[in-house]
Amino acid sequence: MGQTLVYRILSGHLVDGKLTAGGQIGIRIDQTLTQDATGTTAFLLYESMGAGTVKTDLSVSYIDHNMAGFGPENHNDHLYLQTIAAKCGLYHSRAGNGICHQVHLERFARPGATLLGSDSHTPTAGGIGMLAIGAGGLDVAVAMAGGPFYLRCPKVLGVKLTGELNQWVAAKDVILKLLSILTTKGNVGWAVEYFGEGAKRLSVPQRATITNMGAELGVTTSIFAGDEQTRKFLAVRKREQDHRPLAADADAEYDRVIEVNLSELEPMAACPSSPDNVKAIREIAGLKTGQVIIGSCTNSSFADLMMAAKVLKGRRVNNMVEFAIAPGSRDVLNMLAQNGALADMIAAGARILESACGPCIGQGLSPADGLVSLRTFNRNFSGRSGTAGDKVYLVSPETAVASALTGQITDPRDLPKLFPLKYPKVELPDEFIINDNMIERPLSEEKAAEVEVLRGPTIVVPEPPPALPQKLTGRVLIKCGDKITTDHIMPAGTFLKLRSNVPEYAKVVFHCFNEEDGPTFAQRALELKQKAIAGVIVAGESYGQGSSREHAALCPMYLGVRVVITKSIERIHKANLINFCIVPIEFAQPADYDKVECGDELGIDNLLEAIKGSDTVRIVKADGSFEFVGRLELSDRDREILLAAGLLNYTRKKTNE
Ligand code: MIC
Ligand code: SF4
Numbered sequence: 011m012g013q014t015l016v017y018r019i020l021s022g023h024l025v026d027g028k029l030t031a032g033g034q035i036g037i038r039i040d041q042t043l044t045q046d047a048t049g050t051t052a053f054l055l056y057e058s059m060g061a062g063t064v065k066t067d068l069s070v071s072y073i074d075h076n077m078a079g080f081g082p083e084n085h086n087d088h089l090y091l092q093t094i095a096a097k098c099g100l101y102h103s104r105a106g107n108g109i110c111h112q113v114h115l116e117r118f119a120r121p122g123a124t125l126l127g128s129d130s131h132t133p134t135a136g137g138i139g140m141l142a143i144g145a146g147g148l149d150v151a152v153a154m155a156g157g158p159f160y161l162r163c164p165k166v167l168g169v170k171l172t173g174e175l176n177q178w179v180a181a182k183d184v185i186l187k188l189l190s191i192l193t194t195k196g197n198v199g200w201a202v203e204y205f206g207e208g209a210k211r212l213s214v215p216q217r218a219t220i221t222n223m224g225a226e227l228g229v230t231t232s233i234f235a236g237d238e239q240t241r242k243f244l245a246v247r248k249r250e251q252d253h254r255p256l257a258a259d260a261d262a263e264y265d266r267v268i269e270v271n272l273s274e275l276e277p278m279a280a281c282p283s284s285p286d287n288v289k290a291i292r293e294i295a296g297l298k299t300g301q302v303i304i305g306s307c308t309n310s311s312f313a314d315l316m317m318a319a320k321v322l323k324g325r326r327v328n329n330m331v332e333f334a335i336a337p338g339s340r341d342v343l344n345m346l347a348q349n350g351a352l353a354d355m356i357a358a359g360a361r362i363l364e365s366a367c368g369p370c371i372g373q374g375l376s377p378a379d380g381l382v383s384l385r386t387f388n389r390n391f392s393g394r395s396g397t398a399g400d401k402v403y404l405v406s407p408e409t410a411v412a413s414a415l416t417g418q419i420t421d422p423r424d425l426p427k428l429f430p431l432k433y434p435k436v437e438l439p440d441e442f443i444i445n446d447n448m449i450e451r452p453l454s455e456e457k458a459a460e461v462e463v464l465r466g467p468t469i470v471v472p473e474p475p476p477a478l479p480q481k482l483t484g485r486v487l488i489k490c491g492d493k494i495t496t497d498h499i500m501p502a503g504t505f506l507k508l509r510s511n512v513p514e515y516a517k518v519v520f521h522c523f524n525e526e527d528g529p530t531f532a533q534r535a536l537e538l539k540q541k542a543i544a545g546v547i548v549a550g551e552s553y554g555q556g557s558s559r560e561h562a563a564l565c566p567m568y569l570g571v572r573v574v575i576t577k578s579i580e581r582i583h584k585a586n587l588i589n590f591c592i593v594p595i596e597f598a599q600p601a602d603y604d605k606v607e608c609g610d611e612l613g614i615d616n617l618l619e620a621i622k623g624s625d626t627v628r629i630v631k632a633d634g635s636f637e638f639v640g641r642l643e644l645s646d647r648d649r650e651i652l653l654a655a656g657l658l659n660y661t662r663k664k665t666n667e
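Under the numbering used here, the first residue of the sequence shown carries the number 11, and numbering increases by one thereafter.
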């Protein structure tokens with residue numbers, strides 16, 4: 011039986027375990043990326059490991075999320091990240107240079123290598139044939155220190171793409187189609203591999219849009235082959251030497267195969283407020299929109315913005331639409347500036363945002379109350395835009411630009427009927443403007459030794475977790491439903507600047523569920539912590555979707571949460587909980603979820619014993635009225651980490667041994 015591409019790369023990097031789906035494996039990591047919103051904690055934890063110079067082939071620290079600079083926090087973080095990168099032998103991509111995933115794809119990603127990033131959209135680099143995985147910052151810190159990355163060996167879903175995209179139908183519509191089939195739940199433990207004649211026709215930026223939003227499916231990673239498209243993409247960026255042809259064996263056997271005929275796809279949108287609430291544009295066409303934004307790591311490539319510029323040239327966006335663009339990298343922005351496309355967009359009324367995450371992570375451009383906002387982004391979780399009750403639709407750049415012109419959701423295929431224009435074919439230039447002067451290169455050891463690491467006063471070293479007790483007495487602090495995202499647990503937006511200060515940031519845990527006149531989640535949790543009662547979180551299916559932010563574990567841990575009981579839990583968040591010594595438990599009988607209420611006192615008599623050697627744990631209501639069984643789906647290493655009071659302690663222990 012032939013090998014899939016995922017398994018080919020895994021086997022070349024395997025350092026622990028066997029390549030059997032479901033089993034735990036450890037793999038060598040060639041490259042890492044961190045960004046500023048997850049990076050400060052990652053580096054603070056890295057420093058406390060005392061690891062020194064990074065041991066990977068290449069590690070890059072990016073500044074792209076926390077850029078608004080209201081107050082000193084963001085700039086303090088940037089200076090810390092710049093100086094710690096210089097100290098520890100990393101590349102550092104400065105503020106303004108672009109969104110980590112876009113820049114990484116353009117400048118560093120290479121087929122066949124492994125990449126671990128402290129951002130859930132790290133699989134963007136799968137568009138170039140890289141095995142790229144998102145993780146919590148602490149896992150990335152361990153990888154930078156030369157440790158393997160541990161994961162469940164995935165099952166592989168083959169997506170056979172046939173046919174060819176029609177005019178005005180985009181890569182975004184391919185992944186929205188998949189989200190409509192697979193949804194955002196239930197895909198934990200899978201990797202997606204794209205192949206077929208249709209896949210061959212997609213350019214690397216198109217592929218990257220698709221692998222980027224694999225994060226919304228909740229899969230471990232998504233990947234395309236390394237082929238002629240990859241070679242072309244790299245050659246244009248003067249990196250042809252990084253190319254390596256790479257594909258699955260012709261007789262590779264997949265655990266499941268889905269076929270998607272690109273010729274049959276049509277423009278689609280993810281409607282409020284989940285990336286899998288997908289409808290065809292024709293079903294929602296005519297709905298008035300007041301804001302359109304093209305940008306984010308999903309859809310801000312040169313081709314995306316050139317297409318938009320060509321449609322906008324000589325026209326003006328609808329006078330009731332706020333239209334903005336955020337090119338994915340400074341190189342893309344530079345290209346647009348030099349070939350005149352930027353001027354065309356400015357003339358058409360575009361607001362030009364810097365090359366950064368910006369509105370995608372709630373940093374500005376929150377839509378007006380009740381307004382329909384169309385964005386080419388990858389997430390539309392309720393409130394993520396910064397407006398409570400927002401109505402964000404995720405669409406392709408084609409649908410975005412069509413709707414910006416008309417002021418209503420418009421099928422881009424109708425554009426030639428509405429305006430005298432043809433489908434703008436965008437050819438990739440033979441050469442890309444490359445300006446790396448905002449990327450600082452690793453220093454020599456001598457020079458690195460002289461660097462003074464700057465730690466502003468808003469940067470606070472996180473407290474390590476305490477050890478777990480054998481007999482746990484806890485109280486349910488919150489009971490939430492299905493598909494709770496890490497944005498619900500730890501809001502970004504105006505709170506994003508608190509990422510380097512856990513005691514401050516922890517005050518807004520579950521902010522969106524706090525009642526105006528009652529005590530906050532944080533206040534209730536701290537009150538219990540003082541009484542030595544453990545906080546318990548209860549949730550439904552697919553808990554911890556979305557962002558990789560480990561603060562969704564770190565901050566609850568700081569507040570005294572020790573146990574999370576759910577119907578099911580997403581991969582990255584589960585790993586983060588374990589890393590910060592919160593026990594992830596799943597209801598053995600999902601119906602038991604209905605019997606547990608907020609405020610219930612729960613007890614576990616033999617927690618440590620259960621973690622040591624059992625797949626289940628018995629949980630008892632303190633009044634004796636009810637008991638139920640929780641599943642402990644943990645690898646041996648997970649158990650050791652929990653017993654060692656978290657990954658940092660565990661790593662120290664292992665290093666000493
Ligand atoms: C996101 O898209 O939610 C983020 C912001 O990029 C996160 C990382 C973070 O919360 O810092 C992600 O996707 O992992
Ligand atoms: Fe940035 Fe948005 Fe991409 Fe996250 S999804 S990395 S916030 S652009």
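Beta carbons are placed, not taken as given, at the ideal position from N, Cα and C, and that holds for glycine. A quick note: this is a predicted structure, and the numbers were derived from the prediction, not measured.
What residues are listed by DSSP as bridge partners for residue i?
i      : result
Lys97  : Answer is none; Lys97 lacks a bridge partner.
Leu404 : Ala280 and Arg385
Can you tell me the Cα-Cα spacing of residue i and residue j, whole angstroms?
i      : j      : result
Val518 : Met500 : 7 Å
Gln112 : Ser365 : 10 Å
Glu456 : Ile19  : 35 Å
Leu564 : Gly147 : 11 Å
Tyr433 : Ala180 : 12 Å
Phe205 : Gly12  : 15 Å
Gly33  : Asp183 : 33 Å
Leu189 : Pro285 : 7 Å
Lys577 : Ile595 : 9 Å
Arg249 : Gly609 : 58 Å
His498 : Glu460 : 42 Å
Check this for me: beta carbons of residue i and residue j, under 8 Å apart or not?
i      : j      : result
Thr221 : Ser232 : yes
Asn107 : Arg340 : yes
Ser128 : Thr48  : yes
Leu100 : Val64  : yes
Ala585 : Asp149 : yes
Thr504 : Glu83  : no
Ala674 : Leu587 : Residue 674 lies beyond the range of the chain shown here (11 to 667); nothing can be said about it.
Gly417 : Thr495 : no
Glu203 : Leu15  : yes
Pro121 : Thr240 : yes
Gln348 : Ala78  : no
Gly168 : Tyr264 : yes
Excluding the 5 residues preceding and the 5 following residue i in the sequence, name in chain order all residues of the same chain whose CB lies nearer than 7 Å to its CB.
i      : result
Leu569 : Ala516, Val519, Ala532, Ala535, Leu536, Lys539 and Gly545
Asp67  : Asp40 and Gln41
Taking 6 Å as the limit between beta carbons, can you name the residues of its chain near residue i, skipping five residues before and five after?
i     : result
Ser6  : Residue numbering for the chain in the displayed model covers 11 to 667; residue 6 lies beyond these limits and cannot be assessed.
Tyr72 : Gln45, Ser103 and Cys110
Ser69 : Thr42, Leu100 and Met154
Cys98 : Thr63 and Val64
Compare the C-beta of residue i against all C-beta atoms of chain B and say whether one is closer than 8 Å.
i     : result
Thr50 : Reference to chain B is not applicable here, since this structure consists of a single protein chain.
Out of the options, which one is the CA nearest neighbour of residue i?
i      : options                           : result
Leu227 : Ile449, Asn271, Val288 and Gln251 : Val288
Glu207 : Val179, Val198, Ala218 and Asp237 : Asp237
Asp602 : Val630, Asp252, Asn329 and Asp74  : Val630
Ile303 : Arg465, Gly22 and Pro407          : Pro407
Ile268 : Val166, Glu551 and Thr626         : Val166
Thr141 : Lys323, Val402, Ala257 and His561 : Here the sequence assigns Leu to residue 141, which means Thr is not the residue at that position. Looking at the Cα atoms, Ala257 is the closest of the given residues.
His561 : Pro513, Thr483, Cys163 and Arg385 : Pro513
Gly613 : Gly656, Ala542, Met345 and Asp646 : Ala542
Leu617 : Asp314, His583, Val593 and Lys605 : Val593
Glu462 : Ile185, Lys401 and Ala96          : Ala96
Leu658 : Ile294, Glu473, Asp610 and Ala598 : Glu473
Ala319 : Ala360, His521 and Gly144         : Ala360
Leu125 : Pro158, Ala105 and Cys98          : Pro158
Ala105 : Ala119, Pro282, Arg649 and Asp87  : Asp87
Leu438 : Ala61, Leu478 and Phe312          : Phe312
Ala458 : Ile94, Gly81, Arg38 and Tyr56     : Ile94
Spatial neighbours of residue i within its chain, please: C-beta separation below 8 Å, excluding the five flanking residues on both sides.
i      : result
Arg325 : Ala358, Leu415 and Phe429
Arg2   : This structure does not reach residue 2, given that the chain is present from 11 up to 667, and the question cannot be answered.
Lys663 : Ala654
Gly491 : Ala549 and Gly550
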